[in-house]
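Below you'll find the structure, written out as structure tokens, and then a few comments.
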Amino acid sequence: MPTYNEVLTQVQRLALSDQLRLLEELRKIVHQGVEVEGDDEVVSAQEIAESQAALADYVAGRDRGISSKEFKLKLRQSVIPKPNRSILELEGLGKEIWNGIDAGEYVNQERDSWNG
229 MPTYNEVLTQ VQRLALSDQL RLLEELRKIV HQGVEVEGDD EVVSAQEIAE
279 SQAALADYVA GRDRGISSKE FKLKLRQSVI PKPNRSILEL EGLGKEIWNG
329 IDAGEYVNQE RDSWNG
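My numbering applies: residue 229 is where the sequence shown begins, and numbers increase by one.
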């Protein structure tokens, strides 16, 4: 496999139009996501870069990280959405279709249809 410097030298020898084409192809490669093994998840290049930068900050002591208590609070706030609606709002919905129908008679007809 050629070294970085060998590749760079070859690229510098290309015509400007070919260098620009190469840049576009490299941009596509760099920005495409990476599939997570054993999962349908795709992690974007940006997420990977952010994760690597965060790790470097942590290792260098520029970021102390967060406690498990802080993490649980953040997780709870981001994952558990507050319900905007209540199931009770559906009470009585469609009741007009049952007007004039005797419930007991309807149930008996349904049971009779099960027996053929």
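Beta carbons: idealized from backbone N, C-alpha and C, even for Gly.
- Task: Flag this pair as yes or no: are the beta carbons of Val258 and Val264 separated by less than 9 Å?
- Result: No, the pair does not count as a contact, with Cβ atoms beyond the cut-off.
- Message: Just to confirm my understanding: we take Tyr232, look at its own chain, exclude 5 residues before and 5 after, and list those with CB closer than 7 Å. What are they?
- Response: Excluding sequence positions up to five before and after Tyr232, its CB lies less than 7 Å from no other CB in the same chain.
- Could you have a look at Val239 and say whether DSSP puts it in helix, strand or coil? If DSSP states are grouped into helix, strand and coil, Val239 belongs with the helices.
- From which residue to which residue does the alpha helix (DSSP H) around Lys323 run? The continuous stretches of alpha helix (DSSP H) do not include Lys323, and DSSP gives it neither H nor E.
- Query: Can you tell me whether DSSP reads Glu278 as helix, strand or coil?
  - Reply: Residue state, collapsed to three classes: helix.
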